[in-house]
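Asks: Mapping of the sequence shown onto numbering that gives the first Met the number 0: position 27 corresponds to residue 26, and the numbering continues sequentially without gaps. All C-beta atoms, glycine included, are put in the ideal place defined by N, C-alpha and C. Being a predicted model, the structure only gives us computed values, none of them experimental. Could you have a look at this structure, given as structure tokens, before my questions?
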Amino acid sequence: MKINWNIFKLMLGITAISFSPLVVKQVSFGPTAGAFYRSLYAAAFLLAWSVIFFKREFGSGNYKWLPFAVIGGVSLGIDLIIWHRSILYLGAGPATFLGNSQIIFVVIFAALVFKEKITLSFGLYAGAIMLGLYLLIPDAVNTVTKPTGYIYGLIVGLTYAVMLISMRYAKSRSGKGYPEILSLCVIFAASAAAIAFHALFLERATLAVFDLKSHVLMALTALFAQAVGWYLIKTNITKIPAHEGSLLLILQPILATIWGIILFKEPMSAVQFFGVALASAGIALFVFKTNSGVLEE
0 MKINWNIFKL MLGITAISFS PLVVKQVSFG PTAGAFYRSL YAAAFLLAWS
50 VIFFKREFGS GNYKWLPFAV IGGVSLGIDL IIWHRSILYL GAGPATFLGN
100 SQIIFVVIFA ALVFKEKITL SFGLYAGAIM LGLYLLIPDA VNTVTKPTGY
150 IYGLIVGLTY AVMLISMRYA KSRSGKGYPE ILSLCVIFAA SAAAIAFHAL
200 FLERATLAVF DLKSHVLMAL TALFAQAVGW YLIKTNITKI PAHEGSLLLI
250 LQPILATIWG IILFKEPMSA VQFFGVALAS AGIALFVFKT NSGVLEE
């Protein structure tokens with residue numbers, strides 16, 4: 000079987016970002032401050048990375064990618080803000096599940112705008128994986144009477160999809176010499192700016208947190224999960240069809256659940272175990288079929 004290295008590196012990046020929720024639980028930041036510092040530190044690391052190792056990314060004169068990177072970053076900031084609000088209404092599990100409704104929006108956009116062929120087998124894999132993810136929710140039955148939370152969750156999915164599509168447009172509009180690292184820096188900087196605006200002018204909250212341990216943990220998360228992880232995702236997800244990349248991103252909450260069980264002994268019911276197995280099997284089969292070149296209608 001021939002290995003699709005773009006998918007392999009994409010999955011490495013997804014694995015890296017799957018550790019973020021575990022670190023967030025260990026810091027004293029509130030949700031808004033945590034999202035702000037995670038984006039801010041990631042932007043700082045990426046800027047330093049670009050300045051030190053990729054100076055050619057500056058002064059190229061080609062900035063057609065910039066508006067799309069800013070749109071993607073603002074969408075990411077809105078995504079993080081509303082995701083935390085949806086958690087208050089639904090809980091982390093349902094909020095994460097609805098956040099992955101990004102696949103619906105991306106698939107529709109990919110089919111109508113990018114003219115990608117969505118096969119029946121892809122739909123079956125996506126359905127099995129989403130069902131498995133749904134079964135991971137411990138309190139799904141208790142959330143059916145909370146429509147506001149569902150609306151927030153779907154907005155999270157939409158803004159996540161906008162970010163993914165914006166990244167693809169930024170690269171396609173730029174042509175040769177696209178600054179992968181600098182553009183990712185702009186995305187996280189715009190995300191931090193959007194979150195800061197929300198905190199300071201809408202929430203009327205402070206972002207000042209004086210906790211060295213929390214800042215160190217968040218900086219490490221920003222470096223390895225946000226900067227390195229999203230660099231691997233961003234540089235490879237644009238090399239495969241949009242709907243396929245969207246499907247593989249669902250691996251992130253599945254892995255986060257597995258790490259929680261392994262590292263923090265979080266409890267898991269038989270139904271949740273079946274959900275992990277179903278979703279993992281769906282992704283594994285999808286990757287195998289894709290690498291084998293036999294993903295047919």
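Could you tell me the distance, in whole angstroms, from the CA atom of W48 to the CA atom of Y177?
Replies: For the purposes of this step, residue 48 is taken as the residue at position 49 of the sequence shown. For the purposes of this step, residue 177 is taken as the residue at position 178 of the sequence shown. Taking the straight line from one Cα to the other gives about 16 Å.
Asks: Starting from the Cα of A191, find the closest Cα among S100, A241, A43 and give me that residue.
Replies: Working through the sequence shown from its first residue, we reach residue 191 at position 192. It is A43.
Asks: Do three or more CB pairs link the stretch 60-80 to the stretch 210-221 at distances below 8 Å?
Replies: No, because fewer than three Cβ pairs between the stretch 60-80 and the stretch 210-221 fall closer than 8 Å, the two stretches do not touch.
Asks: Could you pull out every residue in the same chain whose Cβ sits closer than 7 Å to the Cβ of N3, ignoring the five residues on either side in sequence?
Replies: Residue numbering aside, residue 3 sits at position 4 when the sequence shown is read from its first letter. Taken in chain order, the residues that qualify are T289, N290.
Asks: Counting beta carbon pairs with one atom in the stretch 228-236 and one in the stretch 12-19, are three or more of them shorter than 8 Å?
Replies: At 8 Å Cβ cutoff, the stretches touch.
Asks: Just the C-alpha distance for I107 and T118, rounded to the nearest angstrom, thanks.
Replies: For the purposes of this step, residue 107 is taken as the residue at position 108 of the sequence shown. For the purposes of this step, residue 118 is taken as the residue at position 119 of the sequence shown. Each residue's alpha carbon lies about 13 Å from the other.
Asks: Would you call R203 buried or exposed, if buried means 16 or more other Cβ atoms sit within 10 Å of its Cβ?
Replies: Sequence index remark: in the sequence shown, residue 203 carries index 204 (1-based). Exposed, because fewer than 16 other Cβ atoms sit within 10 Å of the Cβ of R203.
Asks: Can you tell me the Cα-Cα spacing of S17 and V23, whole angstroms?
Replies: As a position in the sequence shown, residue 17 is number 18, starting the count at 1. As a position in the sequence shown, residue 23 is number 24, starting the count at 1. Their Cα atoms are separated by approximately 11 Å.
Asks: Beta-carbon separation of I194 and N99 under 8 Å?
Replies: As a first step, residue 194 must be located in the sequence shown, where it is residue number 195. As a first step, residue 99 must be located in the sequence shown, where it is residue number 100. Against a cut-off of 8 Å, the Cβ pair of N99 and I194 comes out as no contact.
Asks: I'd like the span of the alpha helix (DSSP H) that includes P30, first residue to last.
Replies: On the sequence shown, position 31 is the one that residue 30 refers to. That run of the alpha helix (DSSP H) goes 30-52.
Asks: Let me make sure I understand the geometry here. Which of S27, G33, F104 has the alpha-carbon closest to that of K76?
Replies: Counting from 1 along the sequence shown, the entry for residue 76 is found at position 77. The identity of residue 76 in the sequence shown is Gly, whereas the question assumes Lys. It is G33 whose Cα lies nearest to the Cα of G76.
Asks: Report back the beta-carbon spacing between I102 and L284 to the nearest angstrom; my notes put them in contact at under 8 Å.
Replies: On the sequence shown, position 103 is the one that residue 102 refers to. On the sequence shown, position 285 is the one that residue 284 refers to. The pair is not a contact, with the Cβ atoms about 17 Å apart (cut-off 8 Å).
Asks: Using DSSP with H/G/I as helix, E/B as strand and the rest coil, what is T205?
Replies: Taking the sequence shown and counting its residues from 1, the one referred to as residue 205 is at position 206. T205 falls in the coil class under three-state DSSP.
Asks: Alpha helix (DSSP H) containing S157: first to last residue?
Replies: Mapped onto the sequence shown, residue 157 falls at position 158. The question names Ser, but residue 157 in the sequence shown is Leu. Where L157 is concerned, the enclosing alpha helix (DSSP H) stretches over 146-173.
Asks: For L157 and A169, what's the separation of their Cα atoms in angstroms?
Replies: As a position in the sequence shown, residue 157 is number 158, starting the count at 1. As a position in the sequence shown, residue 169 is number 170, starting the count at 1. Between L157 and A169, the C-alpha separation is close to 18 Å.
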